[in-house]
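Everything below concerns the one structure shown next.
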Amino acid sequence: MALIACPECGKEISNQAPACIHCGCPLAPRAPLDPNRFSVVLTACPEDSEGRYRVRKLAIHLEESVWEAVYAFLSQPAAERAPSTLQTHLTQKDAWALADTLRGAGAEVQVLDSTMPDIPQPHPFEGCRAMDFGKTVAAVILGVLAAQLILLPLALLLS
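In UniProt numbering, the protein residues as written are 1 to 159.
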């Protein structure tokens with residue numbers, strides 16, 4: 001999100017606001033964001049031979065442009081490796097699928113949004129760890145047992 005000056009009052013407002021929050025001046029409507037605006041950038045690979053082998057073995061099963069970029073990245077000396085863009089014009093879902101696949105082999109990758117190219121995007125599912133019914137019941141039972149183990153000796157000491 002960037003700050004822009006309101007054309008009417010001159011105060012700073014978000015570039016994503018439909019109208020100025022200070023004076024109510026409507027801002028020009030924005031064009032909808034392109035869903036295929038994400039890219040995946042390879043930033044590091046494992047330094048051991050087994051780790052590099054895992055990444056190469058995985059990359060060979062991906063699109064030709066991706067594995068060529070991975071091979072070019074790995075062929076450079078480790079100290080001279082610059083981040084390499086593997087694929088562009090992806091949806092968020094496709095970009096994270098590719099990133100998660102490469103991370104599974106030990107590679108370090110970033111997903112970038114073309115509207116904010118310098119800011120790596122957080123994984124859309126990070127922090128959202130919903131528990132199913134069984135895990136919820138188990139957590140409640142463990143909580144009750146822990147409370148009894150802590151409170152029962154405390155009650156005996158106080159009496």
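Note that the Cβ used here is the ideal one computed from N, Cα and C, for glycine as well.
Close Cβ partners of residue i (< 6 Å) along its chain, the five nearest in sequence each way excluded
i: L3; result: E12
i: V66; result: L86 and Q87
i: V70; result: A59
Residue i, buried or exposed, once every other Cβ within 10 Å from all chains shown has been counted against 16
i: V55; result: buried
i: C38; result: The sequence shown places Phe at residue 38, not Cys. Buried, because 16 or more other Cβ atoms sit within 10 Å of the Cβ of F38.
i: C25; result: exposed
i: F73; result: buried
Residue interval of the beta strand (DSSP E) (run including residue i)
i: residue 165; result: Since the displayed the chain opens at 1 and closes at 159, residue 165 lies outside it and no answer follows.
i: I21; result: Unbroken run through I21: none, as it is neither H nor E.
i: Q87; result: S84 to L90
i: residue 245; result: With the chain covering 1 to 159 only, the question about residue 245 has no answer from this structure.
i: A78; result: Element bounds for A78: n/a, residue is neither H nor E.
i: A44; result: F38 to A44
i: E8; result: Looking at the DSSP string, E8 is not in any beta strand (DSSP E), and its letter there is neither H nor E.
Rounded Cβ spacing between residue i and residue j (contact assumed at less than 8 Å)
i: L58; j: L102; result: 7 Å
Run of the alpha helix (DSSP H) containing residue i, from where it starts to where it stops
i: I60; result: Premise fails: I60 is in no alpha helix (DSSP H) and is neither H nor E.
i: L157; result: F133 to L158
Contact check, residue i vs residue j, beta carbons under 8 Å
i: L33; j: A17; result: no
i: A95; j: C45; result: no
i: V111; j: T43; result: no
i: L90; j: V40; result: yes
Cut-off 7 Å between Cβ atoms - residues of its own chain near residue i, not counting five sequence neighbours on either side
i: I21; result: I13
i: H123; result: W96
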